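Novice: Numbering (this note's numbering), first residue to last: 659 to 878. Note that the Cβ used here is the ideal one computed from N, Cα and C, for glycine as well. Note that the structure is a prediction, hence the values are computed from the model and not measured.
1. Return the chain-ordered ranges of every beta strand (DSSP E) run that is complete within the stretch 740-824 and spans a minimum of 3 residues.
2. Helix, strand or coil for residue 828 per DSSP?
3. With DSSP run on the structure shown, which of helix, strand or coil describes residue 844?
4. Determine the burial state of residue 687: buried for a count of at least 16 other Cβ atoms within 10 Å of its Cβ, exposed for fewer.
5. Near residue 719, what residues of its chain come up, given a Cβ to Cβ distance below 7 Å and the 5 sequence neighbours on each side ignored?
6. Within 10 Å of its beta-carbon, does residue 761 have 16 or more other beta-carbons around it, so buried, or fewer, so exposed?
7. Assuming residue 803 contacts residue 785 (C-beta within less than 8 Å), just tell me the rounded distance between them.
8. Straight-line CA distance for residue 750 to residue 821?
9. Just the Cα atoms here: how many angstroms apart are residue 722 and residue 764?
10. In this structure, does DSSP put residue 856 in helix, strand or coil?
11. Are there 16 or more other CB atoms within 10 angstroms of the CB of residue 724, so buried, or fewer, so exposed?
12. Under DSSP, the alpha helix (DSSP H) around residue 880 begins and ends at which residues?
13. Is residue 735 closer than 9 Å to residue 748 when the C-beta atoms are compared?
14. From which residue to which residue does the alpha helix (DSSP H) around residue 870 run?
15. Determine the burial state of residue 759: buried for a count of at least 16 other Cβ atoms within 10 Å of its Cβ, exposed for fewer.
16. For residue 813, does the count of other Cβ atoms within 10 angstroms reach 16, so buried, or fall short, so exposed?
17. With H, G and I counted as helix, E and B as strand and the rest as coil, what does DSSP make of residue 697?
18. Starting from the Cα of residue 701, find the closest Cα among 679, 849, 685 and give me that residue.
19. How many angstroms separate the CA atom of residue 838 from the CA atom of residue 851?
20. Rounding to the nearest angstrom, what Cα-Cα distance links residue 828 and residue 777 in this structure?
21. Does the beta-carbon distance from residue 703 to residue 693 come in below 9 Å?
22. Find out if the Cβ-Cβ distance for the pair residue 815, residue 863 is shorter than 9 Å.
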């Protein structure tokens with residue numbers, strides 16, 4: 659998503675731990691142990707606690723890092739001046755995002771309150787960058803912008819979740835990049851068509867639904 663900034667050794671260590679934790683969660687799920695993350699990273703569990711306070715603290719840090727990266731890249735593709743260039747650049751290097759895609763899906767696959775919270779953050783971020791794009795003129799306004807944001811997130815992650823192994827099964831990160839490339843290339847054209855050229859040739863279905871909805875709202 660974003661490379662670790664060069665600078666102090668402390669920041670570099672935190673970034674290395676964070677990136678390792680993201681990969682471990684993607685591979686084996688959110689219940690991966692702190693000891694396993696430490697072993698994979700080549701540090702001690704106590705050093706991770708020193709930097710992040712606890713496994714929960716590390717998880718919260720990884721959540722925000724991944725969510726911020728998604729938001730930055732989605733915002734870039736909707737930029738009125740450079741959106742096409744951003745989309746092509748991201749597509750050309752789609753394999754690099756495989757651990758982060760795996761992390762998102764494992765976070766949602768886990769279920770419970772933490773998954774709901776993570777999904778809500780995805781929806782909130784989507785709402786924000788869509789509204790920014792509406793103001794910039796690259797996205798059409800919606801009658802229900804919050805519902806639209808949730809629908810887009812649920813459609814996209816729902817389709818990906820169907821591809822995941824079970825919660826207790828290992829996800830091979832060596833093969834995930836190639837799979838993500840094939841998945842993206844299969845869906846990119848039809849999804850861009852749907853977003854750019856409406857599937858329906860007229861608004862009769864929408865008009866009928868809105869008419870019934872408005873009539874229901876006015877009934878005592």
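Specialist: Quick answer:
1. none
2. Counting from 1 along the chain shown, the entry for residue 828 is found at position 170. Note: residue 828 maps to coil in three-state DSSP.
3. Translated into positions along the chain shown, residue 844 becomes position 186. Correct three-state label for residue 844: helix.
4. Position 29 of the chain shown, counted from the first residue, corresponds to residue 687. Burial call: buried.
5. The sequence position of residue 719 within the chain shown is 61, counting from 1. Here the set comprises 676, 710.
6. Your numbering for residue 761 matches position 103 in the chain shown. So residue 761 ends up on the buried side.
7. For the purposes of this step, residue 803 is taken as the residue at position 145 of the chain shown. For the purposes of this step, residue 785 is taken as the residue at position 127 of the chain shown. That belief holds up - the Cβ atoms of residue 803 and residue 785 are roughly 6 Å apart, short of 8 Å.
8. Position 92 of the chain shown, counted from the start, is the residue given in the question as residue 750. Position 163 of the chain shown, counted from the start, is the residue given in the question as residue 821. Spanning the two alpha carbons is a distance of roughly 22 Å.
9. Sequence index remark: in the chain shown, residue 722 carries index 64 (1-based). Sequence index remark: in the chain shown, residue 764 carries index 106 (1-based). Going from the Cα of residue 722 to the Cα of residue 764 covers about 15 Å.
10. Numbered from 1 along the chain shown, position 198 holds the residue referred to as residue 856. Coil at residue 856, not helix or strand.
11. Taking the chain shown and counting its residues from 1, the one referred to as residue 724 is at position 66. Result: buried.
12. No answer is possible for residue 880: it lies beyond the span of the chain, which begins at 659 and ends at 878.
13. For the purposes of this step, residue 748 is taken as the residue at position 90 of the chain shown. For the purposes of this step, residue 735 is taken as the residue at position 77 of the chain shown. Contact: yes.
14. Numbered from 1 along the chain shown, position 212 holds the residue referred to as residue 870. Per DSSP, residue 870 belongs to the alpha helix (DSSP H) from 862-876.
15. As a first step, residue 759 is located in the chain shown; it is residue number 101 there, counting from the start. Classification of residue 759: buried, given that the 10 Å Cβ count is 16 or more.
16. Taking the chain shown and counting its residues from 1, the one referred to as residue 813 is at position 155. Burial call: exposed.
17. As a position in the chain shown, residue 697 is number 39, starting the count at 1. Of the three classes helix, strand and coil, the one that applies to residue 697 here is helix, per DSSP.
18. Residue 701 sits at position 43 when you count from the first residue of the chain shown. The option with the nearest alpha carbon to residue 701 is 679.
19. Here residue 838 refers to the residue found at position 180 of the chain shown. Here residue 851 refers to the residue found at position 193 of the chain shown. About 20 Å.
20. Taking the first residue of the chain shown as position 1, residue 828 is located at position 170. Taking the first residue of the chain shown as position 1, residue 777 is located at position 119. So the alpha carbons of these two residues sit roughly 22 Å apart.
21. Sequence index remark: in the chain shown, residue 703 carries index 45 (1-based). Sequence index remark: in the chain shown, residue 693 carries index 35 (1-based). Going by C-beta atoms, residue 703 is nearer than 9 Å to residue 693.
22. Stepping through the chain shown from its first residue, residue 815 is reached at position 157. Stepping through the chain shown from its first residue, residue 863 is reached at position 205. The answer is no: Cβ separation not under 9 Å.
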